[in-house]
Amino acid sequence: MAARLGWRFCAGWGSGGVVDVSAVLARILRELPDGSGSGLLGGDPARCAQVLGVDGVAVSLATDGATELVWSTPGRSAALDEVQCTLGEGPAFDAYRHRTLVGVPDVQGADAGRWPAFLPEAQQLGVGALFCFPLNLGAVCLGVFTVQRAVPGPLGPVQMNDALILAAAITAAVIRHDGQRASFALAEPHTVLHRAAVHQATGMISVQAGVPLPVAMAILRAHAYRTERPLLATAEDVVARRLHFRDNRDGTSAPSGTGTD
Amino acid sequence: MMTNQQRVLDVLVEAVDTLTDDFDLIEFLHRLSTRCVELLDVDAAGVMVVDQHGEFQLVAASDEKTRLLELFALQHDQGPCVRCYQSGQAQLNISLTSSAATVGFGPFAARARAAGFTVTHALPMKLRHQVVGAVNLFGSRLRRLSDTDVQVGQAVADVATIAILQQRSIEHSHLEKAQLQAALTSRVVIEQAKGILSERHNLSMDDTFDTMRAYARPRHLLLTDLARQIIDDTFDGDITPTGSPDRP
Numbered sequence: 012m013a014a015r016l017g018w019r020f021c022a023g024w025g026s027g028g029v030v031d032v033s034a035v036l037a038r039i040l041r042e043l044p045d046g047s048g049s050g051l052l053g054g055d056p057a058r059c060a061q062v063l064g065v066d067g068v069a070v071s072l073a074t075d076g077a078t079e080l081v082w083s084t085p086g087r088s089a090a091l092d093e094v095q096c097t098l099g100e101g102p103a104f105d106a107y108r109h110r111t112l113v114g115v116p117d118v119q120g121a122d123a124g125r126w127p128a129f130l131p132e133a134q135q136l137g138v139g140a141l142f143c144f145p146l147n148l149g150a151v152c153l154g155v156f157t158v159q160r161a162v163p164g165p166l167g168p169v170q171m172n173d174a175l176i177l178a179a180a181i182t183a184a185v186i187r188h189d190g191q192r193a194s195f196a197l198a199e200p201h202t203v204l205h206r207a208a209v210h211q212a213t214g215m216i217s218v219q220a221g222v223p224l225p226v227a228m229a230i231l232r233a234h235a236y237r238t239e240r241p242l243l244a245t246a247e248d249v250v251a252r253r254l255h256f257r258d259n260r261d262g263t264s265a266p267s268g269t270g271t272d
Numbered sequence: 002m003m004t005n006q007q008r009v010l011d012v013l014v015e016a017v018d019t020l021t022d023d024f025d026l027i028e029f030l031h032r033l034s035t036r037c038v039e040l041l042d043v044d045a046a047g048v049m050v051v052d053q054h055g056e057f058q059l060v061a062a063s064d065e066k067t068r069l070l071e072l073f074a075l076q077h078d079q080g081p082c083v084r085c086y087q088s089g090q091a092q093l094n095i096s097l098t099s100s101a102a103t104v105g106f107g108p109f110a111a112r113a114r115a116a117g118f119t120v121t122h123a124l125p126m127k128l129r130h131q132v133v134g135a136v137n138l139f140g141s142r143l144r145r146l147s148d149t150d151v152q153v154g155q156a157v158a159d160v161a162t163i164a165i166l167q168q169r170s171i172e173h174s175h176l177e178k179a180q181l182q183a184a185l186t187s188r189v190v191i192e193q194a195k196g197i198l199s200e201r202h203n204l205s206m207d208d209t210f211d212t213m214r215a216y217a218r219p220r221h222l223l224l225t226d227l228a229r230q231i232i233d234d235t236f237d238g239d240i241t242p243t244g245s246p247d248r249p
């Protein structure tokens, strides 16, 4: 057993490792459309990252004028998505807009002018390389599959191939019309929307400050930006009633409550 | 052979062009076929699509040996892929040595046996009810595909379908996107409405959700529509919180 483990670790992407990688890839392909989980996609994102030899993966889907993170490894990948949502720029946006693969094999060495706000944030998160695969279907793009890792460098041909296969498998899985999608759409308690608290907090702030939802969302964002805290964490403070914007009717005055820092 | 392949390419290329600027569909499907052989422990795999005349054409195969290519070419009007297309169902574990299992495609079965194969499978490539092709597998050992293998095989067929549809069937894709977005938007709208009601009535999110459902159900009101009314401030009903009142 020990020898087998050792062999496995040594095998890497060589011919010996293919058996192992195939088994894991097979499992992911089988589980992605599984509708018994808590989200729109089944299976384990961590296993997906493992098979691609990256540190994290994320799938975000386009809604009307925004995106929702629906499947990701925790930590860096989720944070990368949030950073791009907050800043309104980044490779995932470009992959979606242009319906094409956008790769950043070296975050530190990338042209700073391309994403002036995003690149320093990505670097600060410890992301060395990221690759954004559009989830294309016909002439439309449904969302983006992002893979990232701390070590810079391009994806190898096998990784690239498997990532493209997974992007297509994810596309196939998200256009399923099954009970899971309906449950998700109706917010059934067993289904999870990553940014649910952001939308709940937006609703709450709209009542507290007496403003329309888009303004409430702007107030929430501005507060997160001002306090240099993640949007989701700020929203969770609002939902937990640690933070409110009751005296904030014009959307400019300071909120009450300190939140959890 | 080449003319046949060329025709297949022409048919697809006409509609498909390339997936992205630097990425070729045929090459992708070739690599997918190769991956499929590893994933399912079979000996050969091919992606077959239905052309505008309703006949199967090979688009990509796990290897380019002439004998294998001939086997795929034979199936333009007979074999497991045709049966798969007609029924819309996967054709699994078809023993090529059984005359009963190969009724209607005897010549194809004979050629497959001569090529060293004993079993074949065809998994439908379909988007909803539209069959656009099939992933065709060949094995030389008597190993049945397990249920797990079939799920993986179907996922591979779905990948091939998506790859081809990435440039095709454009109206369809707009509809798919609209429906996916509707599902996501519905979810977002419900969460926002939960926030609004939770703040108004000082309820937890769970209790707010239960309250919304308790209101909507007997009135045959869609939860999404109720949420939208709450958000647009057009809701004029009386939502009475369920569960424990006067929560802190």
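Those sequence lines, one after another, are chains A and B. For the first sequence, counting from 1, position 158 maps to 169 in this note's numbering; every step adds exactly one. For the second sequence, counting from 1, position 110 maps to 111 in this note's numbering; every step adds exactly one. The C-beta atom is built at its ideal place from N, Cα and C for all residues, glycine as well.
Alpha helix (DSSP H) containing residue i: first to last residue?
i: H210(A); result: A207 to A220
i: H31(B); result: L26 to L41
i: R84(B); result: P81 to S88
i: L138(B); result: Note, L138(B): premise wrong, no alpha helix (DSSP H); beta strand (DSSP E) at Q131 to G140.
i: F73(B); result: T67 to L75
i: S96(B); result: Note, S96(B): premise wrong, no alpha helix (DSSP H); beta strand (DSSP E) at Q92 to S96.
i: V151(B); result: D148 to L166
i: P168(A); result: P168 to V185
i: T209(B); result: M206 to A217
i: F256(A); result: Counting along the chain, F256(A) falls outside any alpha helix (DSSP H), and DSSP gives it neither H nor E.
Should residue i go down as buried or exposed, given a rule of 16 or more other Cβ atoms within 10 Å for buried?
i: K66(B); result: exposed
i: D23(B); result: Because the pLDDT at D23(B) is just 36, under 50, the model does not fix this residue reliably, and the value given afterwards should be weighed accordingly. Exposed, since its Cβ has fewer than 16 Cβ neighbours within 10 Å.
i: Y236(A); result: exposed
i: H255(A); result: buried
i: P242(B); result: buried
i: L223(B); result: exposed
i: S47(A); result: exposed
i: P56(A); result: buried
i: S99(B); result: exposed
i: H109(A); result: exposed
i: D148(B); result: exposed
i: A156(B); result: buried
i: T235(B); result: exposed
Run down chain B in chain order and give the residues with a C-beta less than 9 Å from the C-beta of residue i.
i: F195(A); result: A184, L185, S187 and R188
i: L31(A); result: The displayed chain sequence assigns Asp, not Leu, to residue 31(A). Per Cβ cutoff of 9 Å: no residues; D31(A) is ~11 Å from chain B at best.
i: L153(A); result: S174, E177, K178, L181 and Q182
i: E275(A); result: With chain A represented from 12 up to 272, any question about residue 275(A) goes unanswered, as that position is not in the structure.
Can you pull the chain B residues whose beta carbon is under 7 Å from the beta carbon of residue i, in chain order?
i: R41(A); result: T149, Q152, V153 and A156
i: I176(A); result: L33, R36 and V160
i: D75(A); result: Q182 and T186
If we define contact as Cβ-Cβ less than 8 Å, is residue i a contact residue for chain A?
i: T162(B); result: yes
i: H31(B); result: no
i: S174(B); result: yes
i: F118(B); result: no
i: M206(B); result: yes
i: K127(B); result: no
i: D25(B); result: no
i: L93(B); result: no
i: D22(B); result: Its pLDDT being 37, under 50, D22(B) is placed unreliably by the model, and nothing is read from it.
i: F73(B); result: no
i: Q167(B); result: yes
i: R144(B); result: no
Quick check: is the beta carbon of residue i nearer than 8 Å to any beta carbon in chain B?
i: V65(A); result: no
i: Q219(A); result: yes
i: G207(A); result: It should be pointed out that residue 207(A) corresponds to Ala in this sequence rather than to Gly. It does: the Cβ of A207(A) has a partner Cβ on chain B nearer than 8 Å.
i: S83(A); result: no
i: L72(A); result: yes
i: A37(A); result: yes
i: R253(A); result: no
i: V92(A); result: It is worth fixing the name first, because residue 92(A) is Asp in this sequence and not Val. Output row for D92(A): interface = no.
i: V250(A); result: yes
i: A233(A); result: no
Contact defined as beta carbons within less than 8 Å: I believe residue i pairs with residue j. What is the distance between those atoms, to the nearest angstrom?
i: F129(A); j: Q95(A); result: 6 Å
i: F57(B); j: V48(B); result: Contact flag wrong, Cβ pair sits at about 10 Å.
i: F139(B); j: A113(B); result: 7 Å
Show which residues of chain A have a CB atom less than 7 Å away from the CB atom of residue i.
i: G250(B); result: One cannot answer for residue 250(B) here, as it falls past the ends of chain B, which runs 2 to 249.
i: D159(B); result: A180 and A183
Quick one: give me the first and last residue of the beta strand (DSSP E) that residue i is part of.
i: S71(A); result: G67 to A73
i: E79(A); result: T78 to S83
i: Q191(A); result: Looking at the DSSP string, Q191(A) is not in any beta strand (DSSP E); the run it does join, the alpha helix (DSSP H), is G190 to A196.
i: L112(A); result: Counting along the chain, L112(A) falls outside any beta strand (DSSP E), and DSSP gives it neither H nor E.
i: T103(B); result: Note, T103(B): premise wrong, no beta strand (DSSP E); not H, not E.
i: L124(B); result: V120 to L128
i: A62(B); result: F57 to A62
i: Q159(A); result: V151 to R160
Residues of chain A with CB under 8 Å from residue i, in chain order?
i: R68(B); result: The premise fails here: R68(B) is roughly 25 Å from chain A at the closest Cβ pair, so nothing lies under 8 Å.
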